[in-house]
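Just remember that the working numbering sits 633 ahead of the position in the sequence shown, which is counted from 1. Glycine included, C-beta positions come from ideal geometry on N, C-alpha and C. Just so you know, these numbers come straight off a predicted model, no measurement behind them. The block underneath contains the structure these notes are about, expressed in structure tokens.
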Amino acid sequence: MSFPLHRPRRLRRTEALRRMVRETRLSPDDLVAPLFVCSGEGVRQEIGAMPGCSRLSVDTLLQECRELAGLGVPAVILFGIPDAKDPEGSGAWDPGGPVPQALVALRRELPRLSLWADICLCEYTDHGHCGPIGEGPDGQPEVDNDRALPLLAKAALACAEAGADVVAPSDMMDGRVAAIRQGLDAAGRGDVVIVSYAAKYASAFYGPFREAADSAPAFGDRRGYQMDPGNADEALREVAADLEEGADVVMVKPALAYLDVVHRVKSRFGVPVAAYSVSGEYAMVQAAAQRGWIDGERVALESLLSIRRAGADVILTYFAKQAARLLG
Ligand SMILES: [Zn+2]
């Protein structure tokens with residue numbers, strides 16, 4: 634492959650040539666739009682650190698989803714902002730809560746849109762942790778893994794019954810994929826897909842989301858259940874465990890700072906891989922673009938492409954609508 638016989642620049646000279654040999658492409662088909670749903674009517678409350686993203690009531694959510702579907706985005710994932718919270722997070726399986734209500738309406742209005750329900754308790758617990766609080770071996774309060782499992786299964790079934798075709802447990806409790814799969818199957822819902830947040834890191838990139846979902850923990854942090862950012866071999870073990878428990882798709886979260894993990898998961902397992910490009914990734918691009926420091930649209934598309942190139946089949950991104958429009 635030596636110069637001057639080989640000149641790699643030959644294939645870069647025109648857009649037609651570049652298009653022809655491009656290895657990775659981005660399409661609206663790859664995108665899932667995360668949306669925040671609250672009670673009320675006509676609500677479209679912009680989230681401070683996430684310009685372009687809002688908390689939506691069911692009616693405005695419907696408008697948003699119609700637009701997304703029209704742009705070719707195949708799926709949305711819903712996060713709930715309940716009116717009331719309690720220690721168990723019982724709002725997570727309340728059929729009258731914002732997410733099940735939204736699912737019912739969306740399933741009726743947009744039957745072809747894939748509806749994902751994020752399954753976790755932290756949006757619904759008054760302490761903001763992802764499961765009920767028990768006592769650790771040192772007498773300190775700690776999330777009770779095993780007590781969380783039936784609650785997560787209940788939440789998943791409630792969302793499936795309301796119209797979700799995909800449930801996505803994001804809590805990082807051990808054994809939750811199996812608990813959810815068994816709960817769904819026992820209720821005759823073997824059709825419901827599980828996308829597990831298999832490798833979810835305890836990341837500072839989640840900052841703006843916590844404002845959006847009002848889900849910051851009241852004490853401590855989530856490092857006792859989310860993964861340590863230094864670990865990648867452990868991510869492979871988490872993925873293996875979730876696949877064994879019945880996950881259909883495995884997710885890595887966040888995306889950009891963990892592209893090596895996305896790549897290793899895809900190479901090792903060859904299963905459908907999702908990557909969640911989180912609120913902090915979105916906020917950084919938006920903030921720099923607003924200052925005129927970068928071309929926000931190009932940086933967004935390049936970032937999404939890099940996540941695909943690393944091996945993700947599906948990308949959850951707050952840029953979904955904007956990107957679909959640019960790609961369309
Ligand atoms: Zn959580």
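Is the shortest distance between the beta-carbon of residue i and the beta-carbons of chain D less than 7 Å?
{"i": "V882", "result": "Looking at the structure shown, chain D is missing, and only one protein chain is on hand."}
Could you name the residues of the same chain whose beta carbon sits closer than 7 Å to that of residue i, not counting the 5 residues immediately before and after it, in chain order?
{"i": "T693", "result": "G675, V676, R677"}
{"i": "Q734", "result": "V691"}
{"i": "P728", "result": "A791, A795"}
Which residue's Cα is closest to the Cα of residue i: the options?
{"i": "P802", "options": "A920, R942, C755", "result": "C755"}
{"i": "F952", "options": "S660, R645, A735", "result": "S660"}
{"i": "E867", "options": "Q696, F838, A831", "result": "A831"}
{"i": "R901", "options": "G879, L644, V872", "result": "V872"}
{"i": "V706", "options": "H760, G730, A666", "result": "A666"}
{"i": "P744", "options": "L784, L695, G772", "result": "L695"}
{"i": "L938", "options": "S635, A649, L664", "result": "L664"}
{"i": "R870", "options": "A819, A922, M805", "result": "M805"}
{"i": "Q955", "options": "I710, I940, A933", "result": "A933"}
{"i": "D824", "options": "S747, A865, D807, L644", "result": "S747"}
{"i": "V828", "options": "L785, D861, V883", "result": "V883"}
{"i": "D875", "options": "V904, L711, G769, E656", "result": "V904"}
{"i": "G685", "options": "R942, E935, G929", "result": "G929"}
{"i": "D807", "options": "E877, A888, R646, R942", "result": "E877"}
{"i": "A959", "options": "L817, Y891, L704, A649", "result": "Rather than Ala, the amino acid found at residue 959 in this sequence is Leu. Out of L817, Y891, L704, A649, L704 has the C-alpha closest to the C-alpha of L959."}
Do residue i and residue j have their CB atoms nearer than 7 Å?
{"i": "M683", "j": "A916", "result": "yes"}
{"i": "K899", "j": "K833", "result": "no"}
{"i": "G821", "j": "V895", "result": "no"}
{"i": "D716", "j": "S687", "result": "no"}
{"i": "W726", "j": "A791", "result": "yes"}
{"i": "Y839", "j": "V737", "result": "no"}
{"i": "A789", "j": "I752", "result": "yes"}
{"i": "Q859", "j": "A880", "result": "no"}
{"i": "G761", "j": "A849", "result": "yes"}
In the DSSP assignment, what are the bridge partners of residue i?
{"i": "C671", "result": "I714"}
{"i": "K624", "result": "Here the chain has residues from 634 to 961 only, and residue 624 is not among them."}
{"i": "V799", "result": "W749, V826"}
{"i": "L689", "result": "V670, R677"}
{"i": "D719", "result": "T758"}
{"i": "T950", "result": "S910"}
For residue i, which residues of its own chain have a beta-carbon under 6 Å away from its beta-carbon, when the five flanking residues on both sides are left out?
{"i": "H639", "result": "none"}
{"i": "A797", "result": "L736, L748, A750"}
{"i": "A922", "result": "G929"}
{"i": "A837", "result": "none"}
**Q.** Check your reading: residues with Cβ closer than 6 Å to ligand 1 heavy atoms
**A.** Those residues are C753, C755, C763, S803, D804, given in chain order.
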